[in-house]
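Q: Residues in the sequence shown are numbered from 49 upward in steps of one, following the numbering used here.
No residue lacks a Cβ here, since even glycine has one placed at the ideal position from N, Cα and C.
Model, not experiment: these values are computed from the prediction.
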Amino acid sequence: MASVPADAGEFDTVLACLIPSALDGLASQLREITGFQPAEAQVLLAATRELLLAQLHSKLSRLLVLELNAARVTGQLRAEDSESRWQEFLQYAATPEFWVGLWGCEQSPASCPYPDLRQRVQGLIEARCASAARFARRFARDRAGLSELLGQDCGALQALEFGAGDSHSGGETVALLRCQGGRLVYKPRSVAVDQALADFIAELQADLQARAEAPSSMRVPRVLRGADDDCGWSEFIPHRHAQGRAELLAFYRGIGHWLALMRLLSGSDLHAENLIAHGPNPVVVDCETLFTPKPTPIPSGLGAAADRAARLVGGTVLNVGLLPGRGMGLGWRGVDNSALGALPGQQPLLPQPDILQSGSDQAHIGHRLMEAPLAQNHPSAEPDLAEYWPQVLQGFEGLSRLLQALDQDGLLAPRLRRFEPCRIRVVPRATEVYAELARMLWHPVSLHRPAPAIERATDLLARAAAHLAMAPNDPDVIAAEVEDLCQGDVPCFSALAGQGRLQGPGGTHWLPAGNWVEEALQDWRAADFDLERHCIRAALVSAFINEGWMPAECSLTPQQLDLHGLDTRRRQQAAAIMRQLVATAILAPGERGHTEDPGPTVAWIAPVLSPTGWAVQPLDPDLYGGLSGIALLVAAYLAEQAAGRADPVPGLAALLPALVHSLHRAEDQRHAERFRQRGKTRPPAAGAYLGLGSQIWAWLMLAELAPRLLEPGGLRPQECLERACALAELLPEACAADDIHDVLSGKAGAIPPLLLLARRSGQARYLQMAVEIGDQLCAQARLEQRGGQTLACWTHSQWPEGMGGFAHGASGMAWALQQLARASGEARFAETAAAAQSFEDQLWSEEDGNWLDLRGLEGAKTAAAWCHGAVGIGLATLDLDPQAQQPQQAERVRRAAAASWRLGLGWNHCACHGDLGVWELMSRALDLGLAPAGLSHEQLLATLLGSLETHGPICGIARDVFVPGLMPGLGGVAYQLLRAHPDSRLPSILIPATA
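Structure representation (structure tokens):
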């Protein structure tokens, strides 16, 4: 997250008084540089001044705002109005006396309120000026050779912009420059690795030509190494959209080639700013993070299966940073910053620090929600990743085959040796971690008392290293990292690729020596390319912010129905999915020495939805797409098998105890972490599908299923109840931190599991917890009067105007609050529930015959799914009025059934946003005579089975990828097929039970 307030420009006149002497000294140095012209010196001085003001703003704006308010409160500002007092402060703060008052003078250092401010500010200024002088000397030295990059004489320097990237190693930063001969990029590092990569790609192009295959569109900019290899110059690559489909196909095939090549070279940190789309060419403009080492991960405490899954994922192409994935760090939660993702319109609004009420003496630091900055990584204004994803996969597979052939012929290893003398960079910690720590270290409180702030930053880095093998844990290295942050730099680590020993800030070292080129080759040779392809296919969904997204496709609904053998076919389809579940499981035996829970554990790798968005990773413990949902599925299948309503599946029974142990380990780890890190980590989500509520609900349903299993698999009803009770203790903290509010992952979703827990345990305290959460929900509702009715909705950054539907919107809120009203007898919950229902009702469109979808998806005014639209609205209505006895409720169900039958079928098969969700509503509507005319239970089931048999089960997240999750994946398809037997009494997964 950017740390420069958006409206910080008002402080230019204040901060400008800090830099004249440094700029005068820089000007003197520039006059001594042979071949650097006076006009060029003026360009450089202006660029340096702009950089200094920007960096000083980012570090000192909060301090200046604090001093402004202090001056106002103490009466130092005496102008007549607020705006005049602002100007009065600016004039005073632009004087030496003001700054002496902040950082003291040499005669009275003890009197200063900010003890090391002067040292930090002067150090930052001097380092940037020294860096600018180095640029000037290098430019003058290398000017003659720059014509090789420009294709003509370089000529005079006409424009310069420092700060095109993070600041490292004493203010060094990438710069963009324009000369008479054209535009260039300056890199204050060796570009030997860039040249080596260009030469390697040129040899691959020759190999493709020799095999009569299409050339690759991969490119890196041409570079010129500085005379002493202390810097480098690169051609400037302008962004250009592709012209026509042929160039688009070439671009995305080239992306696949980059994936294959970066998998070989252990590339990383390939985010959106490091790739530029230039017509058909995906150009990697910063390739210094090759041969990233892969140290043995630190055990997670979640069991051997989870650790193995994490190692597998960490070694795949997902680690390159090119494929879509949502950020989880502070300031970047839910943001996709990948080189192939970062789709416009698919990023959450970011809270950016800003000066609010600037221009008055009421100015203060706050946050504004702003759109994520657009990068230049896409070949079209509206990228269609789904259409071109096959080209990405084909490119990966094609170049991987070529590289494997070269390796078999003994040609690959010799070619890779060119990289051994190259200096590469390693990013041991996420840059956003450094950014957040830097903000803390430059906060006015930290500047006033620097020692405690430095101690806290040191502690945070050390504790992070306990969980991340790459992160330094050496106290000397951590101290040097903190020192760099205090000086305004992002710590930088580099090494010669063939030697490995990392050089860090302050002359420190980290990681043992080793030939990382050879290690990367060995790691690539051991790669599981089936898993690599799985990850590439599955990563598509991470680019999109809305769960359930899938590209427009032909309808999967069969044209003709086969009504024969429905039950046999139902059983076959369910068993086939369960066999896939067994086949894709990462199963690990119990661990010796782990006395508390020595049982087996299990994991799967798939797209996972969390409150921050989609990511391909080992499954989380939640019910929506994680282990709790799969445990419920397996227990349900075994129970139905025991009753003779499902076919046996070899190996399935072994999964249930492994799932139970895996959930135990995850929960025990969470409790231990909460005890150690109380108040220092973000609480988990609270919702009924993502979060603690989902796990409580799952344990209570598992307790209900346990007596019906032939082999309980370690399920004991009392232990399930105890687990649910323990999780409930975490809910108050989770709900207090929640800002989403909805049923899926927010506090509304915590209410139903608590109501069920109160009834199952007999403890009224859980009802009281639900009441307290309900009061929070009511207090956070946005109320408005419209047409004589009170409407209620809940907003957040993604949906600032509120949302309809069950999982995220008003129907779900109304349902949860109405259930709470019935359980508690408190009328206030029923009143807010009615207002929320009125909000939903006003979204009904007679013209469209459906409820409007406020997400504003292109080409879709309405939705007919469980998560968004008619299915969820209809099922919530039926749960509150199971027989639809009230005319208004019956009409709502009839409308929902008609819309779902007309619009909800044929997209995919999952329960969340596909056919098996529609099936549940239609089945209920058929029982009540509220379904479309002429439809029967047999026709409904035949429609689903015909689609599954013709197309295979499709979950709607990513084609050709097995996604086991209960709600978004194929696990829910199997579960709903089990419930399709007329004698099944399995609980619904679409409406959480409250009794």
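Would you grab the beta carbon distance between residue 423 and residue 320 for me? Rounded to a whole angstrom, and I think it's under 8 angstroms.
A: Contact flag correct, Cβ pair sits at about 4 angstroms.
Q: With respect to the alpha helix (DSSP H) encompassing residue 117, which residues constitute its N-terminal and C-terminal limits?
A: Unbroken alpha helix (DSSP H) run through residue 117: 86 to 121.
Q: If you follow the beta strand (DSSP E) that residue 303 is part of, which residue opens it and which one closes it?
A: Per DSSP, residue 303 belongs to no beta strand (DSSP E); it is in the alpha helix (DSSP H), 293 to 313.
Q: Could you work out which residue in 797, 847, 820 is closest to residue 863 when comparing CA atoms only?
A: Residue 797 is the option with its Cα nearest to residue 863.
Q: Name the DSSP beta bridge partners of residue 927, please?
A: Paired residues: none, contrary to the question.
Q: State the DSSP-derived secondary structure class of residue 437, mapped to helix, strand or coil.
A: Here residue 437 sits in helix by DSSP.
Q: With the cut-off set at 8 angstroms, would you say residue 673 and residue 1017 are in Cβ contact?
A: Result yes, Cβ atoms of residue 673 and residue 1017 sit closer than 8 angstroms.
Q: Identify, in the order they occur along the chain, each residue of the same chain with its Cβ nearer than 7 angstroms to the Cβ of residue 515, setting aside the five sequence neighbours on each side.
A: So the qualifying residues of the chain are 346.
Q: Do you know offhand how far residue 60's Cα is from residue 111's?
A: So the two alpha carbons sit approximately 14 angstroms from each other.
Q: Quick one: which unbroken beta strand (DSSP E) runs of 3-plus residues sit fully inside the segment 549 to 596? Chain order, please.
A: Listed in chain order, there is nothing to give.
Q: Pop quiz: residue 241 and residue 472 are said to be a contact at Cβ under 8 angstroms. What is the actual Cβ separation, rounded to whole angstroms?
A: The pair is a contact, with the Cβ atoms about 6 angstroms apart (cut-off 8 angstroms).
Q: Is it buried or exposed for residue 1030, if we count other Cβ within 10 angstroms and need 16 for buried?
A: Residue 1030 should be labelled exposed.
Q: Return helix, strand or coil for residue 665, following the three-state DSSP convention.
A: Three-state result, residue 665: strand.
Q: If you follow the beta strand (DSSP E) that residue 841 is part of, which residue opens it and which one closes it?
A: Taken as a continuous stretch (DSSP letters only), the beta strand (DSSP E) holding residue 841 covers 837 to 841.
Q: In whole angstroms, what is the alpha-carbon distance linking residue 949 and residue 705?
A: The alpha-carbon atoms of residue 949 and residue 705 are separated by roughly 39 angstroms.
Q: How many angstroms separate the CA atom of residue 727 from the CA atom of residue 781?
A: With a pLDDT of only 46 at residue 727, under the threshold of 50, the placement of this residue in the model should not be trusted; the figure read from the coordinates follows. Approximately 10 angstroms, taken between the alpha carbons.
Q: Mind listing, in chain order, the continuous beta strand (DSSP E) runs of no fewer than 3 residues lying wholly within the segment 171 to 200?
A: Those beta strand (DSSP E) runs which fall completely within the segment 171 to 200 and span 3+ residues do not exist here.
Q: Hey, how far is the Cα of residue 1046 from the Cα of residue 966?
A: Residue 1046 lies beyond the residue range present for the chain, which begins at 49 and ends at 1043; the question has no answer from this structure.
Q: Are residue 708 and residue 763 touching if we call contact CB-CB under 8 angstroms?
A: A contact, by the Cβ cut-off of 8 angstroms.
Q: With distances taken between CB atoms, is the gap from residue 212 to residue 226 smaller than 8 angstroms?
A: No. Outside cutoff.
Q: Give me whichever residues DSSP pairs with residue 62 in a beta bridge.
A: Partner(s): none; residue 62 has no beta bridge.
Q: Give me the residue from 282, 299, 278 with the minimum Cα distance to residue 288.
A: When only C-alpha atoms are compared, the closest one is 299.
Q: Does DSSP put residue 67 in a helix, in a strand, or in coil?
A: Residue state, collapsed to three classes: coil.
Q: Give me, in chain order, the residues of the same chain whose beta-carbon lies closer than 6 angstroms to that of residue 439; leave out the 5 immediate sequence neighbours on both sides.
A: Around residue 439: 297, 300, 301.
Q: Is the separation between the beta-carbon of residue 894 and that of residue 859 shorter than 8 angstroms?
A: No, the pair does not count as a contact, with Cβ atoms beyond the cut-off.
Q: Exposed or buried, which one is residue 795 when buried takes at least 16 other CB atoms within 10 Å?
A: So residue 795 counts as buried.
Q: In this structure, what does DSSP give as the bridge partners for residue 910?
A: Bridge partners of residue 910: 900.
Q: Just to confirm, is the Cβ distance from residue 1026 to residue 1034 under 8 angstroms?
A: Yes, these two residues count as a Cβ contact at 8 angstroms.
Q: Between which residues of its own chain and residue 871 is the CB-CB distance below 8 angstroms, once the five residues before and five after are set aside?
A: Here the set comprises 803, 806, 815, 818, 1042.
Q: Give the C-beta separation of residue 353 and residue 634 to the nearest angstrom, bearing in mind that I take them to be a contact with Cβ-Cβ under 8 angstroms.
A: About 5 angstroms separates the two Cβ atoms, so the contact holds.
Q: Just tell me which of 906, 341, 186, 651 has its CA closest to the CA of residue 1011.
A: Per the Cα distances, 651.
Q: Around the Cβ of residue 699, are there at least 16 other Cβ atoms within 10 angstroms (buried) or fewer (exposed)?
A: Under this definition residue 699 is an exposed residue.
Q: Would you tell me roughly how many angstroms separate the C-alpha atoms of residue 716 and residue 245, rounded to the nearest one?
A: Those two C-alpha atoms are separated by around 47 angstroms.
Q: Quick one: using the 10 Å Cβ neighbour count with 16 as the cut-off for buried, is residue 534 buried or exposed?
A: Burial call: buried.
Q: Alpha helix (DSSP H) containing residue 747: first to last residue?
A: Element bounds for residue 747: 740 to 753.
Q: Taking only runs of the alpha helix (DSSP H) that begin and end inside the segment 225 to 265, which ones reach a length of at least 4 residues, in chain order?
A: Listed in chain order, they are 240 to 258.
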